[in-house]
Every structure is written in C-alpha cells, then in structure tokens.
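Student: This is the structure I have questions about; it appears just below.
Number of protein chains: 2
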Amino acid sequence: MDETSRTRQAVRDYVASAEQRDWRRFGELLADDVVYEMPQTRERIRGKSAFMQFNQEYPGDWHMEVRRIVADGGFAAAWIDARVGDEHQDACVWFDLSEDGLIVRVTDYWPEQYEPPSGREHLVERW
Amino acid sequence: MDETSRTRQAVRDYVASAEQRDWRRFGELLADDVVYEMPQTRERIRGKSAFMQFNQEYPGDWHMEVRRIVADGGFAAAWIDARVGDEHQDACVWFDLSEDGLIVRVTDYWPEQYEPPSGREHLVERW
Numbered sequence: 073m074d075e076t077s078r079t080r081q082a083v084r085d086y087v088a089s090a091e092q093r094d095w096r097r098f099g100e101l102l103a104d105d106v107v108y109e110m111p112q113t114r115e116r117i118r119g120k121s122a123f124m125q126f127n128q129e130y131p132g133d134w135h136m137e138v139r140r141i142v143a144d145g146g147f148a149a150a151w152i153d154a155r156v157g158d159e160h161q162d163a164c165v166w167f168d169l170s171e172d173g174l175i176v177r178v179t180d181y182w183p184e185q186y187e188p189p190s191g192r193e194h195l196v197e198r199w
Numbered sequence: 073m074d075e076t077s078r079t080r081q082a083v084r085d086y087v088a089s090a091e092q093r094d095w096r097r098f099g100e101l102l103a104d105d106v107v108y109e110m111p112q113t114r115e116r117i118r119g120k121s122a123f124m125q126f127n128q129e130y131p132g133d134w135h136m137e138v139r140r141i142v143a144d145g146g147f148a149a150a151w152i153d154a155r156v157g158d159e160h161q162d163a164c165v166w167f168d169l170s171e172d173g174l175i176v177r178v179t180d181y182w183p184e185q186y187e188p189p190s191g192r193e194h195l196v197e198r199w
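Listed in order, the protein sequences are those of chains B and W. Residue numbers for the first sequence, in this note's numbering: 73 to 199. Residue numbers for the second sequence, in this note's numbering: 73 to 199.
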C-alpha cells in the first residue's frame, strides 16, 4: 500500500472508529504526541490521552459520516457530515500523518450557517 | 503529468490567478458549467460567466494565500488564508475536476471565530 492509500485508510478509520465509539481502534491511529487544534476558538489539545478523553467526553449523541476524503501523501482532508439528533453541520478536518502512518495533527473547522450579505442576489440562487 | 498532479496544479493556479486578478487565466481553469456552492448560506452560482463576475465584483481588497492543497485524482481541497486588510479568515475549499482537468465544482466554507463552550477547559489550552 502506498503512502496516499495508507493515509486515506487511516482517515476513513478515524471517522469510522469515532462513529462506532471504538476507542481502542481510534487510539491506534494516533501518535502519542498528536496535536488537535480548533482554529475558530483557538483551542489546542496535546497528546493522545487528552485527545481521546475529549472525544469520549464530547456531549450529545453525535454521529459522523464521511462526505469526502482527499488524501495526498502524508496529508489528508475530510469533509464530514456531523449530526446530533436532526441537526446537521458540515466539518472540514485537516490531517497530518507521520512517516509511520500515525496521525500527528488534526485541525478541525466547524463552519456555521449565516445569512448571505446583500449585493450578489443577481448572481446566486438559494437552496 | 498524472491526474493528481494536474489537479493540484489547477487548484494552485486557481488561487494564484484569483490573487493576481488574472481573470483570463482564472477562466481557463473552469468548465463552462462550473457550479459554485457556499453551504453555510445555501447559495449557488451556476456557470463560468456568473462565477467569474462574482469573483470580479467581490468587495474589498481581498487576498488569498495557500496554507495547504491536498489533491487526490480528480478531487482536491484547499486550506486558504484569506485576508482583507489586517483581518484574516481561513477558508476550506473543495474542488471537483472533470476528466479533462477543468474545475466543475467548487464548494466554499468560511468558518467564523467563536467562543468555545464550557466544560472542556481541563483538556485544552488557548492561543
């Protein structure tokens, strides 16, 4: 398996094991010194142990489904449909992997819905 | 050049030509029936002509710099540092390319800063 295929599989397994609450499998994908960042809140979590606890403690009956994974060598991006009850939110997640295929960095973006600015109604349709 | 390299180059050129306001080059990268979507506002723009006008009319002295491009066959994601004056905002952009290497779909996310929810201070640091 080449590096890109290995990266793609690791990201697939990351989402699947989180969705299944398979924390043993989830932990196997992470480097001990993994760094998790949420740039929108300027929050950072350091280390596998704290990052696993963050996921295990995350409130709500949350679910994640892959919309798309794009893998490129030791980097990847995942476009996720996250859901709590009937509430959906898309997430954009960036991954860095080590040479031995472990996830060393995860950067999460959670874009919120907002009202469009005026001035471009002549070009756009809404759905 | 393989498909992934071609896709990566097209996305690099997309950002560079927009940054340079090189609309001729920008237009050459797009399929005539390109679809642009902003899921956060549920806005959609159809067709190269309207999409180019949208970019040309976009207000403010905006600048874009690539933080990362991840390309995978005919798909790619770009992590962008967008700037207007001193205001920075990250963007996550998803690309679909046609078999002949033209951009047929662009999906833009503009995640905003927000205050973190309470309850995870024991795991996170702020920056």
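For every residue, glycine included, the Cβ atom is placed at its ideal position computed from N, Cα and C. For clarity, every value in this text was computed on a predicted model and none was experimentally measured.
Give, in chain order, every residue of the stretch 99 to 118 of chain B whose Cβ lies closer than 8 Å to some Cβ of chain W.
Tutor: M110, P111, Q112, T113, R114, E115, R116, I117 and R118
Student: For W:Q161, name the three-state secondary structure that DSSP assigns.
Tutor: On the second sequence, residue 161 of chain W is found 89 positions in, with the first residue counted as 1. Strand.
Student: Quick check: the Cα distance between B:V107 and W:S121, rounded to an integer number of angstroms?
Tutor: Your numbering for residue 107 of chain B matches position 35 in the first sequence. Your numbering for residue 121 of chain W matches position 49 in the second sequence. So the two alpha carbons sit approximately 42 Å from each other.
Student: Please list the partners that W:Q201 has in chain B, where partner means a Cβ-to-Cβ separation under 7 Å.
Tutor: Past the edges of chain W, shown from 73 to 199, lies residue 201 of chain W, and the structure says nothing about it.
Student: Exposed or buried, what is B:W166 when buried is set at 16 or more other beta-carbons lying within 10 Å of its beta-carbon?
Tutor: Working through the first sequence from its first residue, we reach residue 166 of chain B at position 94. Per the 10 Å Cβ criterion, buried.
Student: Kindly confirm or deny that the stretch 110 to 125 of chain B and the stretch 176 to 194 of chain B touch, where touching means at least three C-beta pairs closer than 8 Å.
Tutor: yes
Student: Answer yes or no: does any C-beta atom of chain W fall closer than 9 Å to that of B:I152?
Tutor: Taking the first residue of the first sequence as 1, we reach residue 152 of chain B at position 80. Under the Cβ criterion of 9 Å, B:I152 is not counted among the residues facing chain W.
Student: Just how far apart, CA to CA, sit W:D168 and B:E115?
Tutor: The count along the second sequence starts at 1 and reaches residue 168 of chain W at position 96. The count along the first sequence starts at 1 and reaches residue 115 of chain B at position 43. Using only the alpha carbons, I get a separation of about 31 Å.
Student: Cα separation between W:V196 and B:R96?
Tutor: Working through the second sequence from its first residue, we reach residue 196 of chain W at position 124. Working through the first sequence from its first residue, we reach residue 96 of chain B at position 24. Rounded to whole angstroms, W:V196 to B:R96 spans 22 Å at the Cα level.
Student: Nearest-angstrom Cα distance between B:L102 and B:Y86?
Tutor: Counting from one through the first sequence, the residue named residue 102 of chain B turns up at place 30. Counting from one through the first sequence, the residue named residue 86 of chain B turns up at place 14. Approximately 9 Å between the Cα atoms of the pair.
Student: On the premise that W:V142 lies in contact with B:D144, defined as a C-beta separation below 8 Å, what is that separation, rounded to the nearest angstrom?
Tutor: Numbered from 1 along the first sequence, position 72 holds the residue referred to as residue 144 of chain B. Numbered from 1 along the second sequence, position 70 holds the residue referred to as residue 142 of chain W. About 4 Å; that satisfies the 8 Å criterion.
Student: Considering only residues of the stretch 80 to 164 of chain B, which uninterrupted beta strand (DSSP E) runs meet the minimum length of 3 residues and lie entirely inside it, listed in chain order?
Tutor: Listed in chain order, the complete beta strand (DSSP E) runs (minimum 3 residues) inside the stretch 80 to 164 of chain B are 102 to 110, 115 to 118, 134 to 144 and 147 to 156.
Student: Can you look up B:E187 in the DSSP assignment and give me helix, strand or coil?
Tutor: If you number the first sequence from 1, residue 187 of chain B lands on position 115. Three-state result, B:E187: coil.
Student: If you reduce the DSSP assignment to three classes, tell me which class W:E75 lands in.
Tutor: The residue you call residue 75 of chain W lines up with position 3 of the second sequence. Helix at W:E75.
Student: Look at the Cβ atom of B:G191, then the Cβ atom of B:S170, and state whether they are nearer than 9 Å.
Tutor: For the purposes of this step, residue 191 of chain B is taken as residue 119 along the first sequence, with counting starting at 1. For the purposes of this step, residue 170 of chain B is taken as residue 98 along the first sequence, with counting starting at 1. No. Outside cutoff.
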